[in-house]
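Engineer:
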Amino acid sequence: MGIGAGQVYRFVKEIQTGTRVFDWIVPKEWNIKDAYVKNSKGEKIIDFKKSNLHVLNYSIPINSKVSLKELKEHLYTIPESPDWIPYRTSYYQENWGFCLNYNQYEKLQDDQYEVVIDSTLEEGSLTYGELYLKGESEEEILFSCYVCHPSMCNDNLSGISLLVFLAKFLKNRNLKYSYRFLFIPETIGAITWLSLNENQISKIKGGLVATCLGDAGRSTYKKTRQGNSLIDKVVEKTLIDSGEEFEIIEFFPSGSDERQFSSPGFNLPIGNLTRTLYGRFEEYHTSADDLNFIQSEFLSNSFIKYLKVTYILESNRTFLNLNPKCEPQLGRRGLYQTIGALKSDPDLQIAIFWVLNFSDGKNSLLEISLKSGMQFTQIKTAADTLLKTGLLKTL
Amino acid sequence: MGIGAGQVYRFVKEIQTGTRVFDWIVPKEWNIKDAYVKNSKGEKIIDFKKSNLHVLNYSIPINSKVSLKELKEHLYTIPESPDWIPYRTSYYQENWGFCLNYNQYEKLQDDQYEVVIDSTLEEGSLTYGELYLKGESEEEILFSCYVCHPSMCNDNLSGISLLVFLAKFLKNRNLKYSYRFLFIPETIGAITWLSLNENQISKIKGGLVATCLGDAGRSTYKKTRQGNSLIDKVVEKTLIDSGEEFEIIEFFPSGSDERQFSSPGFNLPIGNLTRTLYGRFEEYHTSADDLNFIQSEFLSNSFIKYLKVTYILESNRTFLNLNPKCEPQLGRRGLYQTIGALKSDPDLQIAIFWVLNFSDGKNSLLEISLKSGMQFTQIKTAADTLLKTGLLKTL
Amino acid sequence: MGIGAGQVYRFVKEIQTGTRVFDWIVPKEWNIKDAYVKNSKGEKIIDFKKSNLHVLNYSIPINSKVSLKELKEHLYTIPESPDWIPYRTSYYQENWGFCLNYNQYEKLQDDQYEVVIDSTLEEGSLTYGELYLKGESEEEILFSCYVCHPSMCNDNLSGISLLVFLAKFLKNRNLKYSYRFLFIPETIGAITWLSLNENQISKIKGGLVATCLGDAGRSTYKKTRQGNSLIDKVVEKTLIDSGEEFEIIEFFPSGSDERQFSSPGFNLPIGNLTRTLYGRFEEYHTSADDLNFIQSEFLSNSFIKYLKVTYILESNRTFLNLNPKCEPQLGRRGLYQTIGALKSDPDLQIAIFWVLNFSDGKNSLLEISLKSGMQFTQIKTAADTLLKTGLLKTL
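Protein chains in written order, with the numbering used here: chain A, 1 to 395; chain B, 1 to 395; chain C, 1 to 395.
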């Protein structure tokens, strides 16, 4: 990169249709102005302006009259949730279609319908945003979200908004790691980015795909393909220290962009820290995933967890106990309670024992905090205290 | 062997009394024509012709008159199951005796009894059967059963019959592995076979001792001494995929012929795939282990599991994903649903992701199917599909 | 040491005040003759002669008149257990004080009090006792207890008494390992001993800190820092074989002298075999930890467990099966039941199979007994039996 610590590097990149990205080709660009279905009375019974989910994404332009029978071949509904409009796409086959709620679909009568989709599918470009915050080290943490269907709130507007605020928070701070934020279309965006940055990815030490962060479910962590990498331990400790219920699940190769980051040719340690995982909530990919489905308390809870993840990443160090033979005399240094023989020691003192005993060069503060069951911040405070007395050395 | 793939090699071998086999010597051959006990009225109260379990196996010949007291020193019963005749042997000490049900034993009156055992214990030979099906590879799978007490049904006629049908099924097929079937007397037969074939056993990649396969209990797998070998994984996956309840138990060095195959000088990965394990059912080694105790539905269920074991062994391959950087574009190859953004992907597509992601040279289909929790056949179908598109290479 | 097997080496060592021991300095010696608090009527309301816990340990001498307010700044109580006198110390800060029960504290009235502590805190020495029993090997087992507050019974008189009897038991026996017993003040004593014996500690193969051994709680084992060392396995097997409930907890670096032995510069495998762990019982460090709190049946139960630990340590061996290919013919050697085909084999025979199968040079009897789930003594008996037949060789 050639930029120094503290520098910010930000851009929006356009990749032309037809560009080869590994096994894929950047597709045509789709744009849409309007779309509707009118009955013979001239009433708009489906209207893109009311909800952009009404149009099958990537629909080719059409302006035609069709019978009910033919129309129905191009309609998508969810019979099990008859009030909701589904979100559907047709990326790989040229097609047109409308999505609507099942109740409305059921009421459609035999008629001649006017179908209009005022879209273009033409040479253009794939657009993505990238933000890079340079820290002391070139080793970097990757946060990625997708921007391809922000009409839905939990999946995926919540991820975009959380990463925007996380980036704002980290900007202008002294950082140990460098941080990269990607705002990309799912799948093809990740593939494109990896293709363009293949020579840089060995710097990626870990990362998270951010999505589904505002619903009422408990926090869920889908592990990286490596399963026991730095980011896996950091997120696990973040969740434990939250004191809240949470779930950790093993990596699986379907899902979001971790599929690409974790493909065997890269095997990057990228996990997903979400609330209810994609596909596990009823509202997923429907009009019901709206601003009522998410709540600010849950989104900010997720935000605080992402902050905590970066806090642990930034604060974690490995120290060497410079007085490894027996404990040092803490009393002389003001680090031991003056009245002794209490039933239980104060937490800071217990944390100090943990840091002294396991700072043998093999364990970072993160590992000591996991082993001890104490909060990461307690272990960190103990290390800071010991560092001042000269009993520890940074490795 | 010097025989080509597809060849069948079958023989019945006779090993002479007195032959040294490791620490053992092939014993005298025992044959019996008749045996009975008559009371003073001349009534046959115990009759070998009614059940051959009535004679203590390996009994020396006798023709004598004895008192009730002396007779009783040679009688074997099971007081807890008073209607059943036990099966007993005296291989290592020359002796004679009769087995009978306890109810009858209790009724014996003071009398002069005529005991006749018309047996011979003489120089002869140990007889065993062996069938070898040559596959493409010299690496072989060993299936072993014992033929020393086929008067009882679950232990051990069920094992013999299952292996006969398994051998018939595999014969005349194109096989990847070679398969060897042993029909041997327990213990001394296994020792004899190992002694005669010591220079060949490094070809044995895994195997099973077949016994207790027709009772109503759930399937049980006793692991090999190695504990995590190919056959252990294959059987585990077979049991998981069955959708039925099962039990897996760790290796222990008593039991059947896995004792010999797994002795520390060989340490062959030979497990036991049974239903209720030997010694765990009441009818074990008694006259109650008869044709009523086993049922054809259970025996065929076991047979299907053995078939499935060979199916997985034969079908398992390790592939290399030839497009390891990001996913290949499946849509272009007709392997991705045309309408996207569904709540959950079809199983085949999930299986395709698993195969692509983990075909990194370290995982076979078997391991991928275990990791994914999907059926082995689903993973295999995905691999077959991908193979046709040229996305995989066989390792 | 230069002393032969069977030799006993015993001494009481005095280490002078001011001696540097690692990061610490041996402190002044504290002695006390009497102490009391009198009210203005001349009544002794707190009297050291009634309970030596009444004085804050290491109190400097004082002879003064104080108001109730000033007195209260030097009084220590336990409001939650208002009948008990706490045990408190002030090692690291010169101070004086009295400990009393909270009920009495509450009744103290405004008055002028005479406080007298007839103590000395002067140059002197730290005193500890050490006993060394030389065995065949220089490898040694360390048993340590602390002698600094024997006024309390479970913590710590129980540890001292148990180790005295254990040492008496082991003395004059032929021992495989050497055994060292330490009777030291907690913390400073362990540090002093380690400092004086730094060049010897590589001989320590394992050990236990003995404390809290007479209460009614179940046995508890706090593992060594290494977690899977010889002593960890020996104690685990001892507890399993007891057939009683027990608890095993992971190492943590606060606690008793294992803190020093397990500091990262030494990392000695020293665990704690106790009943209720220090700090987990209400009576801990109070006047209620008295002769009523412990019972002889529990103390002797603990003693028997320590004996069993030394028994396993002394008896454990690793053997090599000299007949590793198939089982040896046990019948010929009188080690197999003469009537065969029983539903379950006798325990000795099962144990013999375990020893033969796993005496492959990698497993000691201890490991075989853990793996088999059989009692250590059963496995040992089997090994002894096999050794007589020449089927095993000691490694």
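All residues carry an ideal CB built from backbone N, CA and C; glycine is no exception.
Using only CA atoms, which one of Gly6/B, Glu244/B, Ile184/B, Gln329/B lies nearest to Ser125/B?
Structural biologist: For the purposes of this step, residue 125/B is taken as residue 125 along the second sequence, with counting starting at 1. Considering only alpha carbons, the answer is Ile184/B.
Engineer: Between Phe48/C and Ile117/C, what straight-line distance do the alpha-carbon atoms span, to the nearest angstrom?
Structural biologist: Here the question's residue 48/C lines up with position 48 in the third sequence. Here the question's residue 117/C lines up with position 117 in the third sequence. Taking the straight line from one Cα to the other gives about 9 angstroms.
Engineer: Use the C-beta contact count for Leu386/A: other C-beta atoms within 10 angstroms, 16 or more gives buried, fewer gives exposed.
Structural biologist: Your numbering for residue 386/A matches position 386 in the first sequence. Result: buried.
Engineer: What does the alpha-carbon distance come out to for the pair Leu395/B and Gln200/B?
Structural biologist: Position 395 of the second sequence, counted from the first residue, corresponds to residue 395/B. Position 200 of the second sequence, counted from the first residue, corresponds to residue 200/B. Those two C-alpha atoms are separated by around 26 angstroms.
Engineer: Between Tyr179/C, Phe298/C, Ser372/C, Gln109/C, which has its C-alpha nearest Lys38/C's C-alpha?
Structural biologist: Reading the third sequence from its first residue, position 38 is the one you call residue 38/C. If we check each option's Cα against that of Lys38/C, Gln109/C comes out closest.
Engineer: Just list the residues that DSSP pairs Gln112/C with in beta bridges.
Structural biologist: The residue you call residue 112/C lines up with position 112 of the third sequence. Its beta-bridge partners are Ser67/C.
Engineer: Give me, in chain order, the residues of the same chain whose beta-carbon lies closer than 8 angstroms to that of Lys28/A; leave out the 5 immediate sequence neighbours on both sides.
Structural biologist: For the purposes of this step, residue 28/A is taken as residue 28 along the first sequence, with counting starting at 1. The answer, listed in chain order, is Thr17, Leu121, Glu122, Glu123, Gly124.
Engineer: I'd like to know if Trp24/C contacts chain A, where contact means its C-beta is closer than 8 angstroms to some C-beta of that chain.
Structural biologist: Working through the third sequence from its first residue, we reach residue 24/C at position 24. At least one chain A Cβ lies under 8 angstroms of Trp24/C.
Engineer: According to the neighbour-count rule (16 or more other Cβ atoms, all chains shown, within 10 Å of its Cβ), is Gln329/C buried or exposed?
Structural biologist: The residue given as residue 329/C occupies position 329 in the third sequence. Answer is buried; the Cβ neighbour count reaches 16.
Engineer: Using the C-alpha atoms, what's the distance from Thr381/C back to Arg218/C?
Structural biologist: Residue numbering aside, residue 218/C sits at position 218 when the third sequence is read from its first letter. Residue numbering aside, residue 381/C sits at position 381 when the third sequence is read from its first letter. Spanning the two alpha carbons is a distance of roughly 29 angstroms.
Engineer: Any beta carbon of chain A sitting closer than 8 angstroms to that of Phe261/B?
Structural biologist: Within the second sequence, residue 261/B is the residue found at index 261, counting from 1. Cβ-Cβ to chain A under 8 angstroms: no for Phe261/B.
Engineer: Taking the C-alpha atoms as reference points, what is the distance between Asn363/C and Trp354/C?
Structural biologist: Residue numbering aside, residue 363/C sits at position 363 when the third sequence is read from its first letter. Residue numbering aside, residue 354/C sits at position 354 when the third sequence is read from its first letter. Using only the alpha carbons, I get a separation of about 11 angstroms.
Engineer: Check whether the Cβ of Tyr336/C lies closer than 8 angstroms to any Cβ atom in chain B.
Structural biologist: By one-based count along the third sequence, residue 336/C stands at place 336. For Tyr336/C, the answer is yes, since a Cβ of chain B falls inside 8 angstroms of its Cβ.
Engineer: Within 10 angstroms of its Cβ, does Asn272/C collect 16 or more other Cβ (buried), or is it exposed?
Structural biologist: The residue given as residue 272/C occupies position 272 in the third sequence. Burial call: buried.
Engineer: How should Ala190/B be labelled, buried or exposed, when 16 other C-beta atoms within 10 angstroms of its C-beta is the threshold for buried?
Structural biologist: Your numbering for residue 190/B matches position 190 in the second sequence. Its Cβ being crowded by 16 or more others within 10 Å, Ala190/B is buried.
Engineer: Please state the DSSP three-state secondary structure of Leu299/C.
Structural biologist: Here residue 299/C is taken as the residue at index 299 of the third sequence, counted from 1. In this structure, Leu299/C counts as helix in the three-state DSSP scheme.
Engineer: Which chain B residues are close to Phe266/A, counting only those with a beta carbon under 7 angstroms from its beta carbon?
Structural biologist: One-based indexing of the first sequence puts residue 266/A at position 266. Chain B residues near Phe266/A: Lys325.
Engineer: Contact defined as beta carbons within less than 8 angstroms: I believe Ile339/B pairs with Ser119/A. What is the distance between those atoms, to the nearest angstrom?
Structural biologist: Looking up residue 339/B in the second sequence gives position 339. Looking up residue 119/A in the first sequence gives position 119. So it is not a contact: roughly 17 angstroms between Cβ atoms.
Engineer: To the nearest angstrom, how far is the alpha carbon of Gly255/A from that of Tyr278/A?
Structural biologist: On the first sequence, position 255 is the one that residue 255/A refers to. On the first sequence, position 278 is the one that residue 278/A refers to. Their backbone Cα atoms lie some 8 angstroms apart in a straight line.
Engineer: Could you compute how far the alpha carbon of Glu43/B sits from the alpha carbon of Ala288/B?
Structural biologist: Start at 1 with the first residue of the second sequence, and residue 43/B comes out as number 43. Start at 1 with the first residue of the second sequence, and residue 288/B comes out as number 288. Their Cα atoms are separated by approximately 25 angstroms.
Engineer: Does DSSP classify Thr381/B as helix, strand or coil?
Structural biologist: As a working note, residue 381/B is residue 381 in the second sequence. Helix.
Engineer: Rounded to a whole number of angstroms, what is the C-alpha to C-alpha distance between Tyr221/C and Asn323/C?
Structural biologist: Within the third sequence, numbered from 1, the residue matching residue 221/C stands at position 221. Within the third sequence, numbered from 1, the residue matching residue 323/C stands at position 323. Their backbone Cα atoms lie some 38 angstroms apart in a straight line.
Engineer: Compare the C-beta of Pro346/C with all C-beta atoms of chain B and state if any pair is closer than 8 angstroms.
Structural biologist: Taking the third sequence and counting its residues from 1, one reaches residue 346/C at position 346. Chain B contact via Cβ: absent.
Engineer: Would you check if there are 3 or more beta carbon pairs closer than 8 angstroms linking the region 307–322 of chain A to the region 235–255 of chain A?
Structural biologist: With a cut-off of 8 angstroms, the region 235–255 of chain A and the region 307–322 of chain A count as touching, because enough Cβ pairs lie within range.
Engineer: Which ranges would you report for the alpha helix (DSSP H) in the region 69–138 of chain C if only whole runs of at least 4 residues count?
Structural biologist: Fully enclosed alpha helix (DSSP H) runs of 4 or longer: 102–107.
Engineer: At a Cβ threshold of 8 angstroms, is Gly279/B touching chain C?
Structural biologist: Here residue 279/B corresponds to residue number 279 of the second sequence, with the count starting at 1. Chain C, which has a Cβ nearer than 8 angstroms to the Cβ of Gly279/B, makes this yes.
Engineer: Helix, strand or coil: how does DSSP classify Val37/B here?
Structural biologist: As a working mapping, residue 37/B is identified with position 37 in the second sequence. In this structure, Val37/B counts as strand in the three-state DSSP scheme.
Engineer: Please tell me whether Ala341/A has its Cβ less than 8 angstroms away from any Cβ of chain C.
Structural biologist: By 1-based counting over the first sequence, the position of residue 341/A is 341. Closer than 8 angstroms to some Cβ of chain C, the Cβ of Ala341/A qualifies, so yes.
Engineer: According to the Cβ coordinates, are Gly159/C and Ala210/C closer than 8 angstroms?
Structural biologist: Looking up residue 159/C in the third sequence gives position 159. Looking up residue 210/C in the third sequence gives position 210. The answer is yes: Cβ separation under 8 angstroms.
Engineer: Among Asn228/C, Leu356/C, Asn301/C, which one has its Cα closest to the Cα of Gly265/B?
Structural biologist: Your numbering for residue 265/B matches position 265 in the second sequence. Ranking the options by Cα distance to Gly265/B, first place goes to Leu356/C.
Engineer: Can you tell me which of Leu370/B, Thr286/B, Tyr336/B, Leu166/B puts its alpha carbon nearest to the alpha carbon of Leu131/B?
Structural biologist: What you label residue 131/B is simply residue 131 of the second sequence in a count that begins at 1. The shortest Cα separation from Leu131/B among Leu370/B, Thr286/B, Tyr336/B, Leu166/B belongs to Leu166/B.
Engineer: Less than 8 angstroms between C-beta atoms, sequence neighbours within five positions excluded: which residues of the same chain meet that for Met374/B?
Structural biologist: The count along the second sequence starts at 1 and reaches residue 374/B at position 374. Within the same chain, Met374/B has close Cβ partners Asp347, Ile350, Ala351, Trp354.
Engineer: Taking Cβ positions, are Gly4/A and Leu56/A nearer each other than 8 angstroms?
Structural biologist: Looking up residue 4/A in the first sequence gives position 4. Looking up residue 56/A in the first sequence gives position 56. No, the Cβ-Cβ distance between Gly4/A and Leu56/A is not below 8 angstroms.
Engineer: Along the chain, where does the beta strand (DSSP E) containing Gln260/B start, and where does it finish?
Structural biologist: Your numbering for residue 260/B matches position 260 in the second sequence. Per DSSP, Gln260/B belongs to no beta strand (DSSP E); it is in the alpha helix (DSSP H), 258–261.
Engineer: Please determine, among Lys168/A, Lys176/A, Tyr76/A, the residue with the shortest C-alpha to C-alpha distance to Ile141/A.
Structural biologist: Position 141 of the first sequence, counted from the first residue, corresponds to residue 141/A. For Ile141/A, the nearest C-alpha among the options comes from Lys176/A.
Engineer: Any idea if Asn156/C is buried or exposed, counting beta-carbon neighbours within 10 angstroms, 16 or more meaning buried?
Structural biologist: The sequence position of residue 156/C within the third sequence is 156, counting from 1. Buried is the call here.
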